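A short write-up of the structure that comes next.
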Amino acid sequence: MTDTLIPVTTRKDWSSDQEVRWCPGCGDYSILAAVQLLMPELGIRREDTVFVSGIGCAARMPYYMNTYGMHTIHGRAPAIATGLALARPDLHVFVVSGDGDALSIGGNHLIHALRRNVNITILLFNNQIYGLTKGQYSPTSETGKVTKSTPFGSLDTPFNPVSVAIGAEATFVARTHDMDRRHMMETIRRAYEHRGASLVEIYQNCNVFNDGAFEGITGKQVRDDMLIPLRHGEPLRFGAQGERGVVIDPQRGACLVDVADVGEGALLVHDETRDDPSVAFMLSRLARGPFEPTPVGVFRDVVRPDYGDGVERQIAGARRDRGPGDLASLLRSGSTWEVG
Amino acid sequence: MTDTLIPVTTRKDWSSDQEVRWCPGCGDYSILAAVQLLMPELGIRREDTVFVSGIGCAARMPYYMNTYGMHTIHGRAPAIATGLALARPDLHVFVVSGDGDALSIGGNHLIHALRRNVNITILLFNNQIYGLTKGQYSPTSETGKVTKSTPFGSLDTPFNPVSVAIGAEATFVARTHDMDRRHMMETIRRAYEHRGASLVEIYQNCNVFNDGAFEGITGKQVRDDMLIPLRHGEPLRFGAQGERGVVIDPQRGACLVDVADVGEGALLVHDETRDDPSVAFMLSRLARGPFEPTPVGVFRDVVRPDYGDGVERQIAGARRDRGPGDLASLLRSGSTWEVG
Amino acid sequence: MSGTGHVEGDAVTDTTHRPRAAEVVDRVIIRFAGDSGDGMQLTGDRFTTSSALHGNDLATLPDFPAEIRAPAGTLAGVSAFQVHISDHEITTPGDAPNVLVAMNPAALRSQVGRLATGATIVINTDAFDDRSLAKAGYARDPRGDGSLDAYTVYEVPMTSLTRGAVEPLGVKPRDAERSKNFFALGLISWMYTRPVAPTLEWIQRRFVARPAVAEANAVAFKAGHAFGETAELFAHPVEVQPASLPPGTYTNINGNTALAWGLVAASQLSGRPLFLGSYPITPASDILHELSKHKNFGVRTLQAEDEIAGIGAALGAAYGGNLGVTTTSGPGMALKAETMGLAVNLELPLLIIDIQRGGPSTGLPTKTEQADLLMALYGRHGEAPMPVLAARSPSHCFEVAIEAARIALTWRTPVIVLSDGYLANGTEPWRLPDVDALPDLSVTFATEPNHVGDDGEPSFWPYRRDPETLARDWALPGTPGLMHRIGGLEKEDGSGNISYDPANHELMVRLRARKVAGIAAAIPPVEVQGDVDDADLLVVGWGSTWGAIDGAVDRVRRGGHRVAHVHLTHLNPFPANLGEVLHRYPRVMVPELNLGQLSHQLRAEYLVDARSVSRVRGLPFTASELEQAIIDHLKDNA
Amino acid sequence: MSGTGHVEGDAVTDTTHRPRAAEVVDRVIIRFAGDSGDGMQLTGDRFTTSSALHGNDLATLPDFPAEIRAPAGTLAGVSAFQVHISDHEITTPGDAPNVLVAMNPAALRSQVGRLATGATIVINTDAFDDRSLAKAGYARDPRGDGSLDAYTVYEVPMTSLTRGAVEPLGVKPRDAERSKNFFALGLISWMYTRPVAPTLEWIQRRFVARPAVAEANAVAFKAGHAFGETAELFAHPVEVQPASLPPGTYTNINGNTALAWGLVAASQLSGRPLFLGSYPITPASDILHELSKHKNFGVRTLQAEDEIAGIGAALGAAYGGNLGVTTTSGPGMALKAETMGLAVNLELPLLIIDIQRGGPSTGLPTKTEQADLLMALYGRHGEAPMPVLAARSPSHCFEVAIEAARIALTWRTPVIVLSDGYLANGTEPWRLPDVDALPDLSVTFATEPNHVGDDGEPSFWPYRRDPETLARDWALPGTPGLMHRIGGLEKEDGSGNISYDPANHELMVRLRARKVAGIAAAIPPVEVQGDVDDADLLVVGWGSTWGAIDGAVDRVRRGGHRVAHVHLTHLNPFPANLGEVLHRYPRVMVPELNLGQLSHQLRAEYLVDARSVSRVRGLPFTASELEQAIIDHLKDNA
Ligand SMILES: Cc1ncc(C[n+]2csc(CCOP(=O)(O)OP(=O)(O)O)c2C)c(N)n1
Ligand SMILES: Cc1ncc(C[n+]2csc(CCOP(=O)(O)OP(=O)(O)O)c2C)c(N)n1
Ligand code: SF4
Ligand code: SF4
Ligand SMILES: [Mg+2]
Ligand SMILES: [Mg+2]
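Given below as structure tokens:
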């Protein structure tokens, strides 16, 4: 990445020439738009940007970005992106994944990438279904989900991606949704700006296999009452008149209250930077699914050494102490003898 | 499993004829002893009990139990045990795993087994090192760990197995250690009695590659001050005279206090059964590693439908509604025609 | 005909006609093509069923894109369904279609190249506006530029006719258009004199939840039928008489359903509950879907977190005495390799089913290929031999599932079954077997100690073997007194205890190999078809190429050449007489949808100069290209 | 001698002697055996180094159990180290040891069977109490029952002598005993007249952190040496003169270290930073350990969460322009299959290194085997060809790493390197190469558009190929104007855009195959050793069997037989002249540590009746068993 001035770009500059192949009406379109609109604002170059994805509908996104891109294999994008980010600290590495890709087959790579805090920005398109394989339930589908593979209803409890990430030592965790472009852009921008691994869960509508999954909270008319905006430094309030709020009950966790009942002062003031992830975790438990008031925005954003920086530090240190490697002397580093 | 009386057994009955092949002094010996001593108390038959393990020193344990056993492949024991437990609800299925086996290569199977709540009892021998492969750091090793594979010190933040499990929707999570046989037996008994998936993290000393990793909290002389016993229904106190305790600070999470300062009433009363895992998660964050006062015992024990029960229910329901399957009519279930 | 009866007085025509006399032909190949959203698969499927009910022999080939719904009107979005109906036995969905139904320009452009010369094309003219033409990449309207002169083209404004027909029902125009595929179905049903009533009843059943939709589709169907009847465009309907198939009860079945039913059958025949551990993947997912419906058979299905967990759970269930099965396609097969190796070592029965698709890597997920054979044979570390079987036709998947279970349960071994995308989705009429005539697969388990130690103590040795089959003794958890441990480390012959002894390792490696090789004695010898005694060429095939090879061999033999055909179901071990058969003929040719994997095996095992004929296009062979290949081969090597 | 000098007046003896004259022999095979805790690997290793410094040619074979430390005194716990030293060039660690150092009964019982007739056995009598005898499974004390009559047995109370020697230093008895392996080392060093000073210095360096331990070990070493010198038991010391090796600087190296260094060299020669993504597994872990030390070479090592992440990270790094490498053994190889398929499709350089061990499944983790060859060739779904190389000796691993990198970078392809547990841990003297003479591996990347579209716009086509090598153009992220996307779906020739076109798929499948096959033109032809012109038998080998085959062929030729030897490094593609060479000789024999995997390949590719000689015991071939096999083969087929 050279240091000369970053050229001014527009959405068009960040759009590839490939025709977009999602179903008409798919929420992926609005996420793509938000990302393409955000990019020009980040002050980075297209050639220094790489989108890495696994497999799934969501994972097709890199083809539509006029950047470098890798459409890899199912579930492995975080691992592949980890190698790329470590090998090339000069690049901006984004990972695009679905709920099956990131949390079913790819769950282990995801939690390890978060734990390691490699400098990658992970966008998790959560439509609570397997789209590309035509509609089986996913690890985020609600219990009792009837799908092709569960005609009698699914039996397992879904993951809460935010809780999983916080339990896995993530340093940045956020949530947004495909119905609010501004919020998506702002949230993804924050994730990009975070040094280390960041995870953004994006509620996304699959209008073919799981239509309306999030309508109950993201719909224009219900949004005010069903989405709890997380704003750093502000008391947690929501509702059309901000009449409702969040308090912490030491014995039970986070609870919803009428501000009138408890008074503004009693409300939890949101702090993204708490080193202890407990409160962020509590907030992730406020909603058991997209049918209760649900927090959106940045749950957690803390500073912890980025894995890649550590790698570079160790290399620099070794070079300082031992000088750049010399092959001939490496070969002689064991005990040697001469044959005349 | 027949219903006739369960014969009275002793440790010897549960010990196989195979000679134990761990290093002299390994903590695995005391865990094995605790399990072999507990078994006769559980009122189950040896032939109805199966120990399934992956690969690692810990994973050798099934060979030493006079039960059915499967020593499988690295990281996959939870998945294999899931199939066995679903196929054979009449069996008691235990999983034995190490910190690398369960949290490195096997992390995904572990969190999905917990989420699904299959009826298996998972014993995670955490020695914070890869023993069998002679001492590389593991996902639970402290940051900066110098090992064969990290001569300049490891760079990643370790997993907290209890936090990971709670973040993954586990219904039973506990911790114990290899220096306290009674506590191990009691904790594993509770895990066994839990219907659904249960995880017990067992701090285990690898005296060859990571000797003394837990000495700072499990050593006889420090134990009182460094271990916080979790007792359901009781305020959280520890210290020789119970002079220290745990309170919840709504803005920060769980904190340690001198009981004298806050008064007994202010202490958090431990409740394993809270449906909301937030408080259990908070407790899991009290110690950042085995060098601070660390909670041991049952963090969480809640009732949630066991996946296997659901499977049996669906089968029974289908049989009730459609009668037992009839092959001939299955073949005729599509549109058919006769050729005379 | 009831269909036409209803149609009289219909909006599309004011005059009534008598049904015209039908021309009789022996076979026809029809291809329906449209947008992914146009419901072509459903249309083709229904036409197939009514042809089946009419008694034709038939074969089908669905052909759809990997995207769920690529943008409307684009070439990428075209979804097609080909059906071959005939009055005699046929084995393939046919080479070049005689009829193309093109619902839009993209469908026409992408499909016209395949058509037989002089084929009939039915075009939905309403879809041929400039935008759609441009989207399909047409510079000029093909209807005007002479590019279709070689064909008989019928232009039908299907969309507007459908709208006209259903609007009286008060259906909104947008929804109305949705029924246009049923108009097309009605039209083609008239052209090929398919009965109308069954389809109308089927429409009611299928859309019972949405009566309005059901009615619209029914009306559109009738309108299409009436249009054929009344519009002067079409000379006359065409009749394909029922084929004289062996007597019995038939159903039209695809490979994935046949495989799923075969697994249920194997479970019933063995008394082992069926456990499927699987992770969705095209084109295997439908087996998971089908089996998850049959809980009343005691079938347990687990949608696992990944392919490794899928086979792992199946292996755990197998240890518990279930019939453990895992289903997948190439990428998933690769992931299961390590666990297959464990199953080889544990010597437990397990079925691994690979519905092959275009590779390598993600490749062509919805296309067919046979390129996983060598992976099935060798894709594990160490010496880890496994039996491998392959199905030759959709209905054959049923038998192969049962045969695979027989081998797995008898020899206590994991078994790989190879199918592919073509068999998985293709259909054919299947004469239902007599379930009572199916083989007994029941297993006997150890219930008593099978060994006495030096100390005189009786004990159970999990690796004591049946002297004949070399299958090990199998004791289920829950059996008193037989507690034992098994694992992936090398184990001592007999006792199964961990052993690092060099001689024991050599013994065990060879025992496992001999056990699998020994299965050859218990499988049917290969049967040679065609010119058994005096063929100049032996064509050896495996799996889904059977239909095309069979058709091609027929044709060249009718052309006067002497050719024989052997088709393999058992790929490891090979049937005992294969070597002798191969050396019986002067030339051996091996057509495969890969770069020559079976021919590689035959050359290595039998030192026979097997020549590979390979195509790797994601499509099945056509009989005619194979006919040509055989003729060329005979020429070149004359 | 300084060593003995110090010893005068030592507790173990009151009389002094002159060094006795040494008998000179041309070669000797010594095997150190004891408990896992006894430090036999360290002892053998040090004896090897001083022999190397002395100028002998040598080869070693460590042999230890899978358990970290099985219970003391049991057969399972025995750890052994064999070293073969000679005054002429040798290629194997030797067949039957001439000397066994047995630190306890288990060591004696487990090893005595391997000894050469008339071999010398040095026994630590202190360890022969009844409990230890019982633990080892001895009913009677073998020293009394005549079972050792065929050998020259020396009974030395090593433990007590060591204790006696070090206790004066104030070391506790328990710790004192820990030094007994140094007593044994001193004793054997005297018997074989190894210089003493270097070892004493090495002890100081090695235990610099624990001076007390250093001193105890030094004293024990000297005591052992003095014991040999003074005790009357031993006739006289034995001398093995330096070998006349080609002039140069030598170091004693094992295969894993050579491989690691070769990777560092390849990185330097190509200017591509080295990235290793790996997950620990025996016997490959030491490569990770070694590379993680060399950060000053800019080496990045990631201990990944599993093998899939290991190769995934390496592939990501390769996309970024690093030299991506992953190292593993059988079970990990199986897990990497899917990602290898992706790398084949992406056409990116990547090195996959498999240190083979005993299989299948977990198998024999610490033993050697060659049974992963066919998996390396075929263990991926779809047609996914990859070059495969194998190293023939510990030091050869260095060259092979460089050659693998050359192929990967030049042809933009993943490459598999096969080594095994024997090469990984075995050592040999290595004449250091002149680093300036190593090949230049620098890569040229695309920096400009390489295509002009119909619209006249210049653009970058990632799948435009070099007409000669068929390698695709490679543009690194960060290159302005060349942004492009690649992935695992089939892609259009040239542009790399997703394509489901049948003809394009066939083209791409064949292009990928031709690219890999074409490498044959750029690798050295096979060289035939031995009776090139008139051999009655050609022995074809690959990988670590080179030493044993070479030794065996030597012997039979000295015995008057006419035999030739070809040893393969390139297993895919094969060298261009291999077919011609194979058909040049009347018989072809292929010895392998598997069930005949290379012979299978040769038969399939060249229709040559290659006969397999296979052993699967987790041990390397001995030259003598191969000598016998060759002679038998010549007889049977005379
Ligand atoms: C190894 C492997 N297993 C399975 C598949 C099939 N597959 C492709 S995408 C997918 C899941 C898609 O769901 P999700 O990740 O939520 O993405 P979405 O399509 O919903 O955006 C599956 C199972 C595959 N391509 N590779
Ligand atoms: C697929 C695979 N990868 C790697 C290994 C090598 N391996 C065996 S055990 C192990 C980790 C052991 O650590 P842990 O799980 O903590 O168990 P411990 O030995 O410490 O009890 C590894 C990496 C293997 N056997 N299989
Ligand atoms: S299937 Fe669902 S997620 Fe996939 S493209 Fe269509 S609407 Fe979007
Ligand atoms: S290596 Fe460590 S964990 Fe393994 S047996 Fe030895 S002491 Fe126990
Ligand atoms: Mg999804
Ligand atoms: Mg461990």
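For the record, the sequence lines run as chains Z, D, R and P.
At position 21 of the first sequence (counting the first as 1) the number is 21 in this note's numbering, and the numbers step up by one without a gap.
With the second sequence counted from 1, adding 1000 to any position gets you this note's numbering.
With the third sequence counted from 1, adding 2000 to any position gets you this note's numbering.
With the fourth sequence counted from 1, adding 3000 to any position gets you this note's numbering.
Don't be surprised by glycine CBs; every beta carbon is placed ideally from N, CA and C.
Predicted model only: the values in this text are computed from it and were never measured.
Within 8 Å, strictly: CB atoms of residue i and residue j
i               : j               : result
D2554 (chain R) : P2586 (chain R) : no
G1253 (chain D) : M1282 (chain D) : yes
Q2597 (chain R) : L2364 (chain R) : no
A3517 (chain P) : E3627 (chain P) : no
7 Å Cβ cut-off: residues of chain A touching residue i
i               : result
S1163 (chain D) : Looking for chain A here will not work: the only protein chains present are Z, D, R and P.
Residue i - containing alpha helix (DSSP H), residue span
i               : result
N2217 (chain R) : 2211-2230
C2397 (chain R) : 2396-2411
N2345 (chain R) : 2330-2346
Start-to-end residues for the beta strand (DSSP E) that takes in residue i
i               : result
F3081 (chain P) : 3078-3086
Through-space distance from residue j to residue i, alpha-carbon basis
i               : j               : result
E292 (chain Z)  : D1276 (chain D) : 15 Å
K2180 (chain R) : T2159 (chain R) : 6 Å
R2512 (chain R) : T3043 (chain P) : 39 Å
G2072 (chain R) : D2035 (chain R) : Here the sequence assigns Ala to residue 2072 (chain R), which means Gly is not the residue at that position. Spanning the two alpha carbons is a distance of roughly 6 Å.
H3017 (chain P) : K3222 (chain P) : The predicted model places H3017 (chain P) with a pLDDT of 45, which falls under 50 and marks its position as unreliable; any figure quoted below should be read in that light. Those two C-alpha atoms are separated by around 15 Å.
T3013 (chain P) : G3164 (chain P) : With a pLDDT of only 34 at T3013 (chain P), under the threshold of 50, the placement of this residue in the model should not be trusted, and no figure is reported.
A3011 (chain P) : I3085 (chain P) : With a pLDDT of 31 at A3011 (chain P), under the threshold of 50, the modelled position of that residue is not reliable, and no figure is offered here.
Cβ-heavy atom distance, residue i to ligand 6, below 7 Å
i               : result
G1135 (chain D) : no
Contact test: residue i Cβ vs ligand 4 heavy atom, cutoff 7 Å
i               : result
F1214 (chain D) : no
Distance cut-off 7 Å: residue i Cβ against heavy atoms of ligand 3
i              : result
V208 (chain Z) : yes
Closer than 7 Å: residue i CB and nearest ligand 2 heavy atom
i               : result
C1023 (chain D) : no
- Compile a chain-ordered list of the residues in the stretch 2291-2316 of chain R whose CB is closer than 8 Å to at least one CB of chain Z. S2292, K2293, K2295, T2301, Q2303, E2305, D2306, E2307
- Item | Contact set between the stretch 131-148 of chain Z and chain D, restricted to residues whose Cβ is under 8 Å from the partner | P139
- Message: At a CB distance below 8 Å, what residues from the stretch 2052-2071 of chain R approach chain D? Give them in sequence order.
- Response: A2052, L2053, G2055
- chain R contacts from the stretch 1067-1100 of chain D (Cβ-Cβ distance under 7 Å): For the stretch 1067-1100 of chain D, which is checked against every Cβ of chain R, the residues closer than 7 Å are T1067, Y1068, G1069, M1070, H1071, T1072, I1073, R1076, A1079, I1080, A1081, T1082, G1083, L1084, L1086, A1087, R1088, D1090, L1091.
- Just by C-beta distance, which residues in the stretch 1304-1333 of chain D are closer than 8 Å to chain Z? R1304, P1305, Y1307, G1310, V1311, Q1314, G1317, A1318
- Using a beta-carbon distance cut-off of less than 8 Å, what residues from the stretch 1275-1294 of chain D approach chain Z? D1276, P1277, S1278, V1279, F1281, M1282, R1285
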